[in-house]
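Report on the following structure.
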Amino acid sequence: MKFKVHRDQFVQGVQHVAKSISQRTTIPILTGMKLEASAEGVTLTGSDSDISIEYFIPKEDEEHQYVEVFEEGSIVLQAKYFTEIVKKLPKETVEISVQDQFATTVMSGSAVFNLNGLDPEEYPRLPQVEEDKTFQIPKDLLKNLIRQTVFATSNAETRPILTGVHWQLNDEQLTCSATDSHRLAMRKAKINTNSSGLSFSNVVIPGKSLSELSKVLNDSDELVDVVVSENQILFKADHFLFFSRLLEGNYPATENMIPTEAKTSVILQSKRFLSAIERSMLLSEDNKNNVVNLKTIGNGMLEITSVTPEVGKATEEVTSEEMSGEDLRISFNGKNLIDALKVVDSEEVKIDFTGAMSPFVLKPTDHDHSLHLFSPVRTY
Amino acid sequence: MTWAELAEKQATVVQMLKNSILKERLAHAYLFEGKQGTKTDLMAFQLAKAFLCQKRGDDAEPCHTCEHCRRIDSGNHPDLHLIQAEGASIKVDQIRHLLKEFSYQGLESTRKVYIVEEADTMTNSAANSLLKFLEEPGGESLAILQTTKRHAILPTIQSRVQVLSFAPLPPESVIETLLEKGYSEVQARIASQIAADVEEAESLCSSDWIAQARSKVIQLVHEISKRPQRALLTVHEHWLPFFSERSSLQLGMDMLMLWYRDLLRVQIGQENQVVYTDCMDDLKNQALSQSQPTIRHKLTAIFDAKRRLDANSSPQLVMDQLLLKLQEG
Numbered sequence: 001m002k003f004k005v006h007r008d009q010f011v012q013g014v015q016h017v018a019k020s021i022s023q024r025t026t027i028p029i030l031t032g033m034k035l036e037a038s039a040e041g042v043t044l045t046g047s048d049s050d051i052s053i054e055y056f057i058p059k060e061d062e063e064h065q066y067v068e069v070f071e072e073g074s075i076v077l078q079a080k081y082f083t084e085i086v087k088k089l090p091k092e093t094v095e096i097s098v099q100d101q102f103a104t105t106v107m108s109g110s111a112v113f114n115l116n117g118l119d120p121e122e123y124p125r126l127p128q129v130e131e132d133k134t135f136q137i138p139k140d141l142l143k144n145l146i147r148q149t150v151f152a153t154s155n156a157e158t159r160p161i162l163t164g165v166h167w168q169l170n171d172e173q174l175t176c177s178a179t180d181s182h183r184l185a186m187r188k189a190k191i192n193t194n195s196s197g198l199s200f201s202n203v204v205i206p207g208k209s210l211s212e213l214s215k216v217l218n219d220s221d222e223l224v225d226v227v228v229s230e231n232q233i234l235f236k237a238d239h240f241l242f243f244s245r246l247l248e249g250n251y252p253a254t255e256n257m258i259p260t261e262a263k264t265s266v267i268l269q270s271k272r273f274l275s276a277i278e279r280s281m282l283l284s285e286d287n288k289n290n291v292v293n294l295k296t297i298g299n300g301m302l303e304i305t306s307v308t309p310e311v312g313k314a315t316e317e318v319t320s321e322e323m324s325g326e327d328l329r330i331s332f333n334g335k336n337l338i339d340a341l342k343v344v345d346s347e348e349v350k351i352d353f354t355g356a357m358s359p360f361v362l363k364p365t366d367h368d369h370s371l372h373l374f375s376p377v378r379t380y
Numbered sequence: 001m002t003w004a005e006l007a008e009k010q011a012t013v014v015q016m017l018k019n020s021i022l023k024e025r026l027a028h029a030y031l032f033e034g035k036q037g038t039k040t041d042l043m044a045f046q047l048a049k050a051f052l053c054q055k056r057g058d059d060a061e062p063c064h065t066c067e068h069c070r071r072i073d074s075g076n077h078p079d080l081h082l083i084q085a086e087g088a089s090i091k092v093d094q095i096r097h098l099l100k101e102f103s104y105q106g107l108e109s110t111r112k113v114y115i116v117e118e119a120d121t122m123t124n125s126a127a128n129s130l131l132k133f134l135e136e137p138g139g140e141s142l143a144i145l146q147t148t149k150r151h152a153i154l155p156t157i158q159s160r161v162q163v164l165s166f167a168p169l170p171p172e173s174v175i176e177t178l179l180e181k182g183y184s185e186v187q188a189r190i191a192s193q194i195a196a197d198v199e200e201a202e203s204l205c206s207s208d209w210i211a212q213a214r215s216k217v218i219q220l221v222h223e224i225s226k227r228p229q230r231a232l233l234t235v236h237e238h239w240l241p242f243f244s245e246r247s248s249l250q251l252g253m254d255m256l257m258l259w260y261r262d263l264l265r266v267q268i269g270q271e272n273q274v275v276y277t278d279c280m281d282d283l284k285n286q287a288l289s290q291s292q293p294t295i296r297h298k299l300t301a302i303f304d305a306k307r308r309l310d311a312n313s314s315p316q317l318v319m320d321q322l323l324l325k326l327q328e329g
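Structure (structure tokens):
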């Protein structure tokens, strides 16, 4: 293998890919970065087995030529050293060539590095992209989907399947839901599919992978191609591919957990409600369960209280925009509610209660594609 | 390694595994149990290959040349996880990592394999956290646990895996091989007893370690019966400095045990099976002066001492205590 590449492009690619490489892995080859030169350009691949990132540097675009390939081939180089070397090279172009026994030379101007490479055949194979099972989604919508669901995933190892976000596609509607069994966040979105009638369910993507993905995507409304394969999911944007392994197992059925009727409904200004709960939680900073009590006191007023016996008590009254149904007294985990209110982008939210001991639903008033569900806390 | 090569020594196990593969009735978890040198590890890798190889032959033989087989050999297969003891034991964190890994689907296919080497060294908490997973494996996964000490595996684990016992090698065949290679009979006999396979026995014989160790054992048992007051000194001056490593001390204990077993053999008239053939006179003398229960008692004491060594007791204290017990009778 032998090619010459424009340094700035190369550094950008290497840094992108390096994000997915971890030095603490049980598979030795994954500490390396795979370089592959073909007639179309140079592909860089990194992986920590949970997520994999592939970056493609095209041979040329309209204005510039980036890569000159003399001989096709591939090699795996120790990422720890290689990324540092590439960042600090002196000249505009970098030349990389592989000799026998995977000995690799990295040259730029007068600087020469001879590196011992690894056998590219040993590198894990990433799934092939099947174009017919794709759908598109704008980057900013994807980032929103991630932001509004990942926070609700569980951190506990006891039920690994709950550490992921469940994606389901039906009739061009994508439903993402996440739960830690005390609360649930659900977000729906209309999307375009290439083939009509594309649908899938029980695709559970690790929350950590999604957070990583969100970090590498920039804010724009460009489209991202999403491909779901048997054991991985692939996101394809401009020059890079992002793969994540899926979680094993069956996601619990969440659809029928959501109550359809309400005994008490309240509409509140989300910002004001959020800060009221935050204030009431000030006393329960160290308190593990973060219990907040909520009570209707007539005239469309709500009273929020929180008691920490050793410290004291916080009380606040909140005016609702609208209230209907029976009187109510309920306790819940304030922290969960704060998490949810922080990702709600609407001015007003509607909360539907179905009694002190049953779950309640929080929805924005201006659209119905996002929903949060909370279990109350028993306090007596 | 091929099935045929492995079948030379472990025909039953190979046959069982091959049949299960061909009939697609592999269990979800196996425990390979066999003495040192019965090649449980090679069998585990062979089974992993047969499970993951995509060009497996009709005789259940993996191709050994495809990318899956090659990467299993080099330790780079992404869907094969190997758990080895870190230091003296397998820690709960290693099992946690494994559980996390197995809550994900495979990287390349939906099949995953994990091999736990020396499963007996799992700490209790590690073994317990593995339990639930052994019981409810997710997807198409295969667990292979490997051990030399089956009794040290929690019964709750044993009941959740299919145990395959590897046949120990018959010592006679080892002796023959060693004699053919020109080692003396006394050396060959003792090496065949304490070593697990021909290679190990040969490496023991080729250094003069075994000859020296043998003379230390003979010296010690001599002192115990003839000059009990000197025995303690012998242990401290000769025995402990020579068997300074824990593993070599274990071998020394094994050789000591062989001596007492020889005494029993002499008593019941199986003199052709004796290991210390050159000390027949000594053996006969000692056999006359001790009853069978006493000797059995002593053998138990040596077993106990060996177990204590495994449990990280101080070698010196273990030897002192053992010596007192051996002198009692």
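For the protein sequence lines, the chains are A and B, in the order given.
If you count the first sequence from 1, position 223 lands on 223 in our numbering, and the numbers rise without skipping.
If you count the second sequence from 1, position 270 lands on 270 in our numbering, and the numbers rise without skipping.
Glycine included, each C-beta is placed from N, C-alpha and C at the ideal position.
M1 (chain B): not part of any alpha helix (DSSP H); DSSP gives it neither H nor E.
Secondary structure note for P206 (chain A): its beta strand (DSSP E) is the uninterrupted segment F200 to P206. Apart from sequence neighbours up to five positions away, the residues of its chain that approach K91 (chain A) with a beta-carbon distance below 6 angstroms are S108 and G109, ordered along the chain. Annotation: Cβ neighbours of T26 (chain A) in chain B (cutoff 7 angstroms, chain order): H81. By the CB criterion at 7 angstroms, T153 (chain A) and T163 (chain A) fall inside the cutoff. The criterion of a C-beta distance shorter than 7 angstroms is satisfied by N76 (chain B) and I27 (chain A). As the crow flies, the alpha-carbon of I144 (chain B) is around 10 angstroms from that of L134 (chain B). One alpha carbon belongs to D119 (chain A), the other to R111 (chain B), and they sit about 24 angstroms apart. Rounded to whole angstroms, the gap between the alpha carbons of T193 (chain A) and L145 (chain A) is 17 angstroms. At least one beta carbon of chain A lies nearer than 7 angstroms to the beta carbon of L107 (chain B). Check the Cα spacing between L249 (chain B) and each of B:S225, B:C279 and B:R307: the tightest is with B:R307. Considering only beta carbons, the part of the segment 242 to 257 of chain A lying closer than 8 angstroms to chain B consists of R245, L246, L247, E248 and G249, in chain order. With the criterion set as a beta carbon lying under 7 angstroms from some beta carbon of chain B, the members of the segment 47 to 61 of chain A are S49 and D50, in sequence order. By the criterion of a C-beta distance shorter than 8 angstroms, Q327 (chain B) is surrounded in its chain by I224, P228 and A231, once the five residues flanking it on both sides are discounted. Per the DSSP secondary-structure output, Q105 (chain B) pairs with nothing in a beta bridge.
For E63 (chain A), the closest Cβ of chain B is not nearer than 7 angstroms.
Of the other Cβ atoms in all chains shown, 16 or more fall within 10 Å of the Cβ of S370 (chain A); this residue is therefore buried. 7 angstroms or more divides the Cβ of E316 (chain A) from the Cβ of A262 (chain A).
The continuous beta strand (DSSP E) containing I57 (chain A) extends over residues I51 to P58. Only exposed fits A88 (chain B), as fewer than 16 other CB atoms lie within 10 angstroms of its CB. If only complete runs of 4 or more residues are kept, the segment 113 to 146 of chain B shows the alpha helix (DSSP H) at 124 to 135, in order along the chain. The beta carbon of T123 (chain B) does not come within 7 angstroms of any beta carbon belonging to chain A, so the residue lies off that interface. When A:E212, A:A185, A:W167 and A:L89 are compared, the shortest CA-CA separation from K342 (chain A) is found for A:A185.
In this structure M257 (chain A) is exposed. Its beta-carbon is surrounded by fewer than 16 other beta-carbon atoms within 10 angstroms. Nearest Cα to N250 (chain A) within the set A:P259, A:W167 and A:R125: A:W167. Here DSSP, grouped into helix, strand and coil, assigns D61 (chain A) to coil. By a beta-carbon distance limit of 8 angstroms, A178 (chain A) contacts G207 (chain A). Their separation comes to about 7 angstroms. Rounded to whole angstroms, V292 (chain A) and P138 (chain A) show a C-alpha spacing of 38 angstroms. The residue from A:T105, A:I338, A:D100 and A:A189 with its alpha-carbon nearest to that of R183 (chain A) is A:I338.
Close to chain B, meaning a Cβ-Cβ distance shorter than 7 angstroms, are the following residues of the segment 109 to 129 of chain A: E121, E122, P124 and R125. Where G41 (chain A) is concerned, the enclosing beta strand (DSSP E) starts and stops at G41 to S47.
CA-CA distance, D58 (chain B) to N19 (chain B), rounds to 11 angstroms. Per DSSP, the beta bridge partners of R245 (chain A) are A:Q232. Between F135 (chain A) and L198 (chain A), the beta carbon gap of about 6 angstroms places them in contact (Cβ cut-off 8 angstroms). Taking the Cα positions, L283 (chain A) is about 19 angstroms away from R272 (chain A). Straight across, the Cα-Cα distance linking G32 (chain A) with G41 (chain A) is about 20 angstroms.
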